[in-house]
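This report refers to the structure that appears directly beneath it.
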Amino acid sequence: GLRLRGKDAQRLMTEYGTKYGNSDSEEEGYIIIDVNAGAYRRRERFIYATHAAFLILPPPHMLFLSVGMLAPKVIREDVYFFDNDCLLSERDWNGTVYNMTI
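Sequential numbering from 5 applies to the sequence shown in this note's numbering.
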């Protein structure tokens with residue numbers, strides 16, 4: 005199945021896990037994770053925010069409306085997924101993969 009590359013998972017956990025992942029943390033963050041999933045898969049984007057307000061209003065708007073008082077640190081990350089599915093189970097929903105197997 006589709007999995008996050010181990011090196012990327014370890015890097016995300018060590019760099020951001022304790023700093024932004026704990027409920028006790030005082031740091032405010034808005035992490036944009038762009039996923040490169042490989043062949044026959046479209047790029048995806050996940051957003052992690054330490055506060056729900058950052059999901060309602062984008063950080064630039066939040067910065068403007070709060071006159072610079074509420075501004076999370078915006079971080080961009082690129083990660084890679086890989087698919088180790090030998091059965092090509094995605095061919096049922098992906099026409100390109102299905103056509104390659106005919």
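Idealized CB from N, CA, C, for every residue including glycine.
Remember, predicted model here, so these are calculated numbers, not experimental data.
Check: Short of 8 angstroms in beta carbon distance, which residues of its chain neighbour Tyr34, apart from the five on each side in sequence? Order them along the chain.; Outcome: Ile51, Tyr52, Ala53, Thr54, Phe58, Pro63, Pro76, Lys77, Val78 and Ile79
Check: Classify Ala53 as helix, strand or coil using the three-state DSSP reduction.; Outcome: strand
Check: Please tell me whether Leu61 and Ile37 are closer than 9 angstroms, where the distance is taken between their beta carbons.; Outcome: no
Check: What residues match up with Arg7 in a beta bridge as DSSP calls it?; Outcome: Phe86
Check: What number of angstroms, rounded off, separates the C-alpha of Tyr84 from the C-alpha of Gln14?; Outcome: 12 angstroms
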